[in-house]
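Undergrad: Counted the way this note's numbering counts, the sequence shown spans residues 1 to 108.
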Amino acid sequence: MAAKATKDKPLTKTEILNALAESSGLTKKEVTSVLDSLSDLISKNIGKRGPGVFNMPGLLKIQVQRKPATKATTRPNPFKPGEMMQVAAKPARNVVKVRPLKALKEMV
Numbered sequence: 001m002a003a004k005a006t007k008d009k010p011l012t013k014t015e016i017l018n019a020l021a022e023s024s025g026l027t028k029k030e031v032t033s034v035l036d037s038l039s040d041l042i043s044k045n046i047g048k049r050g051p052g053v054f055n056m057p058g059l060l061k062i063q064v065q066r067k068p069a070t071k072a073t074t075r076p077n078p079f080k081p082g083e084m085m086q087v088a089a090k091p092a093r094n095v096v097k098v099r100p101l102k103a104l105k106e107m108v
């Protein structure tokens, strides 16, 4: 790989594109289009109309958890027994979780 991997700084987008272009024999423009296509594919799969899961074989799994809204309540304070505390309401939200798969865990 032509890119310099140091412990101080992660690779920049340009360094990643250069390294992939050099190792695959593709041009930087082709590598950029592949990464853009991958990004579009991920957004379609984890979007509202998609299944909510995207697997990158052997590396990672991207999942979306759709959490419902919660109402404001009063609950016992775990840090001050006997005292009640206010818990604010939360709107419905989507939480993205990225989980490493076996091959990625073995790389570390």
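Every residue gets a Cβ at the ideal spot worked out from N, C-alpha and C, and that includes glycine. Predicted model, so just to flag it, every value in this text is computed and none were measured.
In three-state terms, what does DSSP make of Met-1?
TA: As a position in the sequence shown, residue 1 is number 1, starting the count at 1. Model confidence at Met-1 stands at a pLDDT of 49, short of 50, so the residue's coordinates are unreliable and nothing is read from them.
Undergrad: Cα-Cα, which of Pro-91, Asp-36 and Ala-88 is closest to Lys-13?
TA: As a position in the sequence shown, residue 13 is number 13, starting the count at 1. If we check each option's Cα against that of Lys-13, Asp-36 comes out closest.
Undergrad: Need the endpoints of the beta strand (DSSP E) that Lys-61 sits in, please.
TA: For the purposes of this step, residue 61 is taken as the residue at position 61 of the sequence shown. Looking at the DSSP string, the run of the beta strand (DSSP E) that includes Lys-61 is 60-67.
Undergrad: What separation, rounded to the nearest whole angstrom, lies between the Cα atoms of Phe-54 and Lys-61?
TA: Here residue 54 corresponds to residue number 54 of the sequence shown, with the count starting at 1. Here residue 61 corresponds to residue number 61 of the sequence shown, with the count starting at 1. Cα to Cα, Phe-54 sits roughly 6 Å from Lys-61.
Undergrad: Any idea what DSSP makes of Thr-27, helix, strand or coil?
TA: Walking along the sequence shown from the start, residue 27 turns up at place 27. Here Thr-27 sits in coil by DSSP.
Undergrad: Looking at the structure shown, is Asn-94 part of a helix, part of a strand, or coil, going by DSSP?
TA: Counted from its first residue, the sequence shown places residue 94 at position 94. Three-state result, Asn-94: strand.
Undergrad: Output yes or no for whether 7 Å exceeds the beta carbon distance between Val-64 and Ile-46.
TA: Within the sequence shown, the letter at position 64 stands for residue 64. Within the sequence shown, the letter at position 46 stands for residue 46. For Val-64 and Ile-46, yes; Cβs fall inside 7 Å.
Undergrad: Within 10 angstroms of the Cβ of Val-108, are there 16 or more other Cβ atoms? Answer buried if so, exposed if not.
TA: Along the sequence shown, read from residue 1 onward, the residue named residue 108 stands at position 108. With fewer than 16 other Cβ atoms within 10 Å, it is exposed.
Undergrad: Which same chain residues, not among the five before or five after Arg-99, have their C-beta less than 6 Å away from its C-beta?
TA: Along the sequence shown, read from residue 1 onward, the residue named residue 99 stands at position 99. Only Lys-61 meet the Cβ criterion.
Undergrad: Quick one: Cα of Met-1 to Cα of Thr-27, how far?
TA: To locate residue 1, count along the sequence shown from 1; it is residue 1. To locate residue 27, count along the sequence shown from 1; it is residue 27. Annotation note: pLDDT 49 at Met-1 (below 50); position unreliable, no value reported.
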